[in-house]
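Engineer: First residue of the sequence shown? That's 1 in the UniProt record's numbering, and the numbers climb one at a time after it. Even glycine gets a Cβ: it sits at the ideal position worked out from N, Cα and C. From a predicted model like this one, the values you see are computed outputs, not experimental measurements. Once you've had a glance at the structure underneath, I'll fire off some questions.
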Amino acid sequence: MKDIKVLLFDLGGVIIDIDPSITINALKSMSKKSSEDFNALDYKYYKEESSLLNFFFEYEKGNINDDKFRSGIRKFANLDLSNNKIDHIWNYVIVKINKDLLDVVLSLKNRYKIMILSNTNFIHKLYYDKLVVDIYGKTLKQLFDKVFYSFEIRSRKPELEIYQKVIDESSYSGKEILFFDDMKENLEIPKVIGMKTYHVEDITLTKQFLKKI
């Protein structure tokens, strides 16, 4: 760990507890569409090719604006929902801040640069910040040294471009960065370009690991 200068964290599944099934079930309960049609709303199905999946990817990459996204949800679910209602349901996926973990992360700020790298969208970003401000009185960009959002970078994990952006803008080499993510496929390219990686499978174990570094 002596070479590590940057601790880089994913949000969903790491800093933030998420559960896509809550959003999925909310839409299912209102829609007459088949339950299977809603699987593409779950990141666990992101390996499957579908036009809906690509639509979400484009939204995460900032290539689709919020209004077009909301229209897409209305069309997909065949529901006449207001913008606020769609945003509310879309944010159901965000369960809570993993405060105990985030407290440990923030405690390391005097020894490391702490940064975020997240596949996310503007609607979720606003809600993340609301939850964090309620606890800490600051947004994620105010708490962390640097925050990289896919919708701002126009690239998403596991594309090479988004990791290269971190290296370029952080001014640190890959070998000086330790990246934490809950999805193995998001850790493969970082390894290739020299980053150290940590697969987050259990929040408690991750917290214990961070306390020891």
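1. Please work out which residues of its chain come closer than 6 Å, Cβ to Cβ, to Asp145, disregarding the five sequence neighbours upstream and downstream, and give them in chain order.
2. Flag this pair as yes or no: are the beta carbons of Val104 and Lys28 separated by less than 8 Å?
3. Using DSSP's beta-bridge definition, name the partner residues of His199.
4. Out of Val200, Leu11, Leu102, which one is the CA nearest neighbour of Val93?
5. Less than 8 Å between the C-beta atoms of Ile179 and Pro190, yes or no?
6. Are Arg156 and Phe76 touching if we call contact CB-CB under 8 Å?
7. What number of angstroms, rounded off, separates the C-alpha of Asn83 from the C-alpha of Asp3?
8. Any contact between the region 19-33 and the region 121-135? By contact I mean 3 or more CB pairs, one from each, below 8 Å.
9. Do Ile193 and Gly174 have their C-beta atoms within less than 8 Å of each other?
10. Judging by CA-CA distance, which residue of Glu169, Pro158, Glu161, Asp87 is the nearest neighbour of Val147?
11. Look at the alpha carbon of Tyr172 and the alpha carbon of Asn78, and state the distance between them as a whole number of angstroms.
12. For a minimum of 3 consecutive residues, which ranges assigned as the beta strand (DSSP E) are wholly contained in the region 8-33?
13. Indicate the three-state DSSP secondary structure (helix, strand or coil) for Phe144 in the structure shown.
14. Can you pull the DSSP bridge partners for Ser118?
15. Give the straight-line distance between the Cα atoms of Glu36 and Ser51, rounded to the nearest whole angstrom.
16. In whole angstroms, give me the CA-to-CA distance for Val166 and Leu117.
17. Quick check on Ile64: does DSSP put it in helix, strand or coil?
18. Using DSSP with H/G/I as helix, E/B as strand and the rest coil, what is Ile135?
19. Name the DSSP beta bridge partners of Val6, please?
Structural biologist: Looking at the coordinates:
1. Lys113, Ile114, Met115
2. no
3. Asp181
4. Leu11
5. One point to set straight first is that residue 179 is Phe, not Ile, in the sequence displayed. Contact flag set, yes.
6. The Cβ atoms of Arg156 and Phe76 do not sit closer than 8 Å to each other.
7. 47 Å
8. no
9. Taking C-beta atoms as the reference points, Ile193 and Gly174 count as a pair closer than 8 Å.
10. Glu169
11. 47 Å
12. 16-18
13. For Phe144, the three-state secondary structure derived from DSSP is coil.
14. Tyr149, per the DSSP bridge assignment.
15. Taking the straight line from one Cα to the other gives about 15 Å.
16. 8 Å
17. coil
18. helix
19. Lys113, Ile177
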